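A.B. asks:
Have a look at this one:
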């Protein structure tokens, strides 16, 4: 009996998938190329005759229709973390020692793996079927490249075997094998096509092709190396067993993965792979070590955006010699000022390098890099070009040491560096164009002003078009502008935009406008911003465009106008100022007009605010651009703060001039010396006008007195001290007299929330606990009074058990709150 069309289609898919897996994963050719092509053609014919048989994961879909010209954003359920690097045996030994000391174990086992030089991606499977693939992006948000990932034959579209979770995210590396890279370039040279620079760029570029057929022509491969989100199932307790399980479910996993013991095993693996590196089928730039057992991984946790239980051990990078033509400052989205060397172009590791990072000012001083120097350049990790060293004997005469400029080259604000920090930053957070998009995104975020619906793509295009130049401009947006923005972002080309906009314009007088749209160059990356900046008289055809989202966004913007001081301070995006600091500033000072003019030493009167945070606040409010941005926000009809109040009565305690001197961090001025000094010179005016001999007469040692005099002569310190003393009196005048303090039942106690609460949100629980005097912390320590554990509580609950800390369930919390 002949098989049904559905049975035949399933059999064809299985044959094609098996042949493709054997060819790409095991380098085995099960059937000739002509037979493979015949099977594909037969399946295409079946699906054409029976459209209901054309499923999304069919092999025929891997060379299917054209992808969107823009990739949608994908928010990673579990962030895709980067790894710390090791470049020496000693760093690897230190890595192992830190884990051994933390876990109190002598015998440690690691999964050692090659570090492929490709593109990290995340594959999402639901009920065993591939549903979405995304690049790493910034670790939190990547690009949806699902269509192009379907072109990679070794990525399973349906999982094999059984027992996989309901939701499974598999992390791995897309790469281009050396043989496929060389074959592609040989064909490109033969037909005068574009030659690819190196396999890594080839892999990354292929996944970002707009036409999936282009991706399919560049043969890509994939190795799985870990997992992300897992729901409705469990994975084995070790990393190595997890890799074995992924292999059983159909994922390619490198045969070079090994489990080794201790630093000796890691270093032996590193040397073995290093010797075999040139003979491998793919490029690697090092090896990766991961603590094998998951329980140990959870205990070790993470630092910044990297796990403490894993590290990449890099191979030496290629190096070349060139000359420095200029050193310029590049301001990043967060204000970081990074020196960049402009180089005489040179080929390094297959790429023409004309710029190289100098990391920071300290690095420049260590290397003594100067304009005109001959330097050695390498691609650190074979990715980021960096200057390694200077060839001093080739230095031309007349060069001068480089100095960090005092002002931001973009906005003119002061460039500052906190004590002990390597990074310099532009302090014009709200006013600096280089930081504008980041500042607006933070301002609109949920825990700041909570403008729901204002996504990154909208912000980017509004800023590029010059419609939004600062946060205050958000409150001037109109419904017309938002609907116009949607049309612009949805259009693939200027022609498509003109066709759509024409549906919403009056018939008379729109011809010139549409002709101007058609004249835009669709190959120019900025054409959308230009189109958005071109005003038009819209008559919206609501049958042709959805408008509710725009109405909702305008409503969300309007709702955010009435806010609290705490939220607005956090929304300003001040360096080192998070939600807890914003709350403290609001509680203790109570008035934005007061806070925005305070000299930085007075911020230290707030508990938990030290010198670094206080100076960040001071630098922020000293920038005229930031003050202008705040003024714009506070204009009538913009933002209204509803909880302004007098400064806390607690500020009166110890707020004398001697304490101001201590808070100003004057070298050698202790509390005792400050008291001696102010006994003779009771205010800032007297101190600033005094000669050093008066300081000695007041009881200061001679060297401290001279140091104080020098301090007063530098960097505007005298004016700052006069202002601080004046605002000290302002605070004493405005702060009410102390009354008998009413204590809460949780005063002085630290509480930690973990897991999901059913009867209230975590934010609500935090607010109610704080109202009873508690300090709600994000981490468990010996100082924690008790932990409130909801459902799916994780490592914090485990830590509480290890430290013997009391644990409350949600019912006990609700009962306690009801009593108080």
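Numbering (the working numbering), first residue to last: 187 to 1006. Ideal placement from N, C-alpha and C gives every residue a C-beta, glycine not left out. Predicted model only: the values in this text are computed from it and were never measured.
#1: Closest Cβ-Cβ distance between residue 417 and chain C: below 8 Å?
#2: Measuring straight from C-alpha to C-alpha, what distance separates residue 709 and residue 680?
#3: Quick check: the segment 300-320 against the segment 330-341, are at least 3 beta-carbon pairs closer than 8 Å?
#4: CB-CB under 8 Å to residue 202, same chain, minus the five flanking residues each way: which ones, in chain order?
#5: Can you give the Cα-Cα distance for residue 889 and residue 843, rounded to whole angstroms?
#6: If you run the structure through DSSP and keep just helix, strand and coil, what is residue 296?
#7: Only counting the same chain, and skipping five residues up and downstream in sequence, which positions put a Cβ closer than 8 Å to that of residue 703?
#8: On the criterion of 16 or more Cβ atoms from any shown chain inside 10 Å, does residue 991 qualify as buried, or is it exposed?
#9: Only counting the same chain, and skipping five residues up and downstream in sequence, which positions put a Cβ closer than 7 Å to that of residue 433?
#10: Going along the chain, which unbroken runs of the alpha helix (DSSP H) with 4 or more residues stay wholly within the segment 692-759?
#11: Between residue 352 and residue 420, which are expected to be in contact by the criterion C-beta below 8 Å, what is the C-beta distance as a whole number of angstroms?
#12: Based on DSSP bridge pairs, tell me the residues matched to residue 479.
#13: Let me make sure I understand the geometry here. Which of 266, 635 and 518 has the alpha-carbon closest to that of residue 745?
#14: What did DSSP end up calling residue 840 once you bin it into helix, strand or coil?
#15: Which residue comes first and which comes last in the beta strand (DSSP E) that contains residue 319?
#16: Within its chain, find whatever has a CB closer than 8 Å to the CB of residue 220; leave out the 5 residues flanking it on each side and keep chain order.
#17: How many Å lie between residue 516 and residue 523 at the Cα?
#18: Pick helix, strand or coil for residue 856, following the three-state DSSP scheme.
#19: For residue 600, tell me which candidate among 607, 589, 590 and 613 has the shortest Cα-Cα distance.
#20: For residue 839, is the classification buried or exposed, using 16 other Cβ atoms within 10 angstroms of its Cβ as the cut-off for buried?
#21: How many Å lie between residue 487 and residue 493 at the Cα?
#22: Determine the extent of the beta strand (DSSP E) in which residue 357 is found, giving its start and end residues.
#23: Return yes when the Cβ of residue 633 is within less than 8 Å of the Cβ of residue 756, no when it is not.
#24: In terms of residues, what are the limits of the alpha helix (DSSP H) holding residue 620?
#25: Hey, is the segment 804-811 in contact with the segment 779-788, meaning 3+ C-beta pairs nearer than 8 Å?
#26: Does DSSP classify residue 262 as helix, strand or coil?
#27: If contacts are defined as beta-carbon pairs under 8 Å, then residue 474 and residue 450 qualify, I think. What distance do you get, rounded to the angstrom?
#28: Check the C-beta distance from residue 893 over to residue 853 and give it rounded, since I have them as a contact under 8 Å.
#29: Can you give, in chain order, each stretch of the beta strand (DSSP E) that sits fully within the segment 877-957 and has at least 3 residues?
#30: Using a Cβ-Cβ cutoff of less than 6 Å, which residues in the same chain neighbour residue 240 once the five nearest sequence positions on both sides are dropped?
#31: Applying the criterion that 16 or more other CB atoms from any shown protein chain within 10 Å of the CB defines a buried residue, is residue 476 buried or exposed?
#32: Mapping the DSSP letters down to three states, classify residue 513 as helix, strand or coil.
#33: Looking at residue 370 and residue 404, is the spacing between their C-beta atoms short of 8 Å?
#34: Mind reading off the beta-carbon distance from residue 272 to residue 446? Whole number of angstroms is fine, and I expect it under 8 Å.
#35: What's the C-alpha gap between residue 908 and residue 886?
#36: What residue range is occupied by the uninterrupted alpha helix (DSSP H) comprising residue 687?
C.D. replies: Inspection of the coordinates gives the following:
#1: Given the protein chain composition of this structure (a single chain), no chain C is represented.
#2: As a working mapping, residue 709 is identified with position 523 in the chain shown. As a working mapping, residue 680 is identified with position 494 in the chain shown. About 10 Å.
#3: yes
#4: Numbered from 1 along the chain shown, position 16 holds the residue referred to as residue 202. Result list for residue 202: 222, 225, 226, 229 and 245, in chain order.
#5: As a position in the chain shown, residue 889 is number 703, starting the count at 1. As a position in the chain shown, residue 843 is number 657, starting the count at 1. Roughly 22 Å separates the two Cα atoms.
#6: Counting from one through the chain shown, the residue named residue 296 turns up at place 110. Residue 296 falls in the strand class under three-state DSSP.
#7: For this step, residue 703 is matched to residue 517 along the chain shown. Cβ neighbours of residue 703 beyond the five flanking positions: 680, 683, 684, 687, 717 and 720.
#8: Stepping through the chain shown from its first residue, residue 991 is reached at position 805. With 16 or more other Cβ atoms within 10 Å, it is buried.
#9: By 1-based counting over the chain shown, the position of residue 433 is 247. Excluding sequence neighbours, residue 433 sits near 439.
#10: 697-704, 713-718, 734-745 and 751-757
#11: Translated into the one-based positions of the chain shown, residue 352 becomes position 166. Translated into the one-based positions of the chain shown, residue 420 becomes position 234. Not confirmed; about 11 Å, so no contact.
#12: The residue you call residue 479 lines up with position 293 of the chain shown. Residue pairing by DSSP places residue 479 opposite 424 in a beta bridge.
#13: Counting from one through the chain shown, the residue named residue 745 turns up at place 559. Of 266, 635 and 518, the residue nearest in Cα terms is 635.
#14: As a position in the chain shown, residue 840 is number 654, starting the count at 1. Collapsing the DSSP output to three states places residue 840 in coil.
#15: Position 133 of the chain shown, counting from 1, holds the residue named residue 319. Per DSSP, residue 319 belongs to the beta strand (DSSP E) from 315-321.
#16: To locate residue 220, count along the chain shown from 1; it is residue 34. With a pLDDT of only 43 at residue 220, under 50, the local geometry of the prediction cannot be trusted, and the value read off the model is given with reservation. Correct list: empty, nothing qualifies.
#17: For the purposes of this step, residue 516 is identified with residue 330 of the chain shown, where counting begins at 1. For the purposes of this step, residue 523 is identified with residue 337 of the chain shown, where counting begins at 1. Spanning the two alpha carbons is a distance of roughly 6 Å.
#18: In the chain shown, the residue the question calls residue 856 occupies position 670. In the structure shown, residue 856 sits in coil (DSSP, three-state: anything other than H, G, I, E or B).
#19: Indexing the chain shown from 1 puts residue 600 at position 414. The shortest CA-to-CA distance from residue 600 to any of 607, 589, 590 and 613 is the one to 613.
#20: For the purposes of this step, residue 839 is taken as the residue at position 653 of the chain shown. Residue 839 is exposed by the Cβ-count criterion.
#21: One-based indexing of the chain shown puts residue 487 at position 301. One-based indexing of the chain shown puts residue 493 at position 307. About 6 Å.
#22: On the chain shown, position 171 is the one that residue 357 refers to. Bounds of the beta strand (DSSP E) holding residue 357 are 353-361.
#23: Translated into positions along the chain shown, residue 756 becomes position 570. Translated into positions along the chain shown, residue 633 becomes position 447. In this structure, residue 633 lies closer than 8 Å to residue 756 by Cβ.
#24: Mapped onto the chain shown, residue 620 falls at position 434. That residue, residue 620, is in no alpha helix (DSSP H); it is neither H nor E in DSSP.
#25: yes
#26: Position 76 of the chain shown holds residue 262. Of the three classes helix, strand and coil, the one that applies to residue 262 here is coil, per DSSP.
#27: Within the chain shown, the letter at position 288 stands for residue 474. Within the chain shown, the letter at position 264 stands for residue 450. At roughly 18 Å, the Cβ-Cβ gap does not stay under 8 Å, so residue 474 and residue 450 are not in contact.
#28: Translated into the one-based positions of the chain shown, residue 893 becomes position 707. Translated into the one-based positions of the chain shown, residue 853 becomes position 667. The pair is a contact, with the Cβ atoms about 5 Å apart (cut-off 8 Å).
#29: 936-940
#30: For the purposes of this step, residue 240 is taken as residue 54 along the chain shown, with counting starting at 1. Excluding sequence neighbours, residue 240 sits near 233.
#31: Here residue 476 corresponds to residue number 290 of the chain shown, with the count starting at 1. Buried is the call here.
#32: Looking up residue 513 in the chain shown gives position 327. Reduced to three states, the DSSP call for residue 513 is strand.
#33: By one-based count along the chain shown, residue 404 stands at place 218. By one-based count along the chain shown, residue 370 stands at place 184. Cβ atoms of residue 404 and residue 370: closer than 8 Å.
#34: Taking the chain shown and counting its residues from 1, the one referred to as residue 272 is at position 86. Taking the chain shown and counting its residues from 1, the one referred to as residue 446 is at position 260. Residue 272 to residue 446, Cβ: 15 Å. No contact.
#35: Sequence index remark: in the chain shown, residue 908 carries index 722 (1-based). Sequence index remark: in the chain shown, residue 886 carries index 700 (1-based). Each residue's alpha carbon lies about 21 Å from the other.
#36: Position 501 of the chain shown, counted from the first residue, corresponds to residue 687. Residue 687 -> alpha helix (DSSP H) spans 680-687.
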